[in-house]
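Position 80, counted from 1, in the sequence shown is what our numbering calls 86; the numbers after and before it change by one each time, with no gaps. Where a beta carbon is used, it is the ideal one built from N, C-alpha and C, also for glycine. Every value quoted in this text rests on a predicted model; they were computed, and no experiment measured them. Down below is the structure, laid out as C-alpha cells.
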Amino acid sequence: MLCKKCGAESSGLGAFCAKCGAPLAEGPVTVVSGTPVVSGELKWGIFVGTLFLPILGIIMGLVYVSDPREPRKIAGRLWVLTGCIAAVLYMMMIAR
Ligand SMILES: [Zn+2]
Numbered sequence: 007m008l009c010k011k012c013g014a015e016s017s018g019l020g021a022f023c024a025k026c027g028a029p030l031a032e033g034p035v036t037v038v039s040g041t042p043v044v045s046g047e048l049k050w051g052i053f054v055g056t057l058f059l060p061i062l063g064i065i066m067g068l069v070y071v072s073d074p075r076e077p078r079k080i081a082g083r084l085w086v087l088t089g090c091i092a093a094v095l096y097m098m099m100i101a102r
C-alpha cells in the first residue's frame with residue numbers, strides 16, 4: 007500500500023506508514039459526522055429572521071462566512087446578502 011502522505015510503499019500489515027507515521031486508511035481519513043454542518047431549519051430560520059431584523063443576518067452571516075466549511079460559507083453569504091438587502095429596504099422606508 008502506498009502512503010498518501012509521503013508516497014512510500016508500506017506493508018499492508020501496519021495501520022501507519024513506516025516512514026512518516028501517517029495513518030494508512032483505506033477510506034476517507036476525515037470522520038464525517040451524520041449531522042449536516044448547517045441544518046435547513048437553521049439556514050431558512052435565520053433567513054426569515056433577517057427579513058424582520060437585518061442585523062441578525064449580517065452578524066450571523068459574518069460569523070459563518072469565516073468558517074472553513076463550505077456549507078457554512080454558503081449559508082453565511084446568503085444571510086449577509088439578505089441582511090444587506092433588507093437593511094437597504096428598511097432605510098428606504100424610513101427615509102420616506
Ligand atoms: Zn508515509
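Element boundaries [alpha helix (DSSP H), containing residue i]
i: Phe-53; result: 46-58
i: Leu-102; result: With the sequence shown as reference, residue 102 is identified as Arg, and Leu is not the correct amino acid for it. Note, Arg-102: premise wrong, no alpha helix (DSSP H); not H, not E.
Proximity test, residue i beta-carbon vs ligand 1 heavy atom, cut-off 8 Å
i: Ala-21; result: no
i: Cys-90; result: no
i: Lys-11; result: yes
i: Gly-27; result: yes
i: Ala-14; result: yes
Within 9 Å, strictly: CB atoms of residue i and residue j
i: Ile-52; j: Ala-81; result: yes
i: Leu-84; j: Gly-67; result: yes
i: Val-43; j: Arg-78; result: yes
i: Gly-46; j: Ala-92; result: no
DSSP bridge partner residues for residue i (one or two, in chain order)
i: Glu-15; result: Leu-8
i: Pro-29; result: Phe-22
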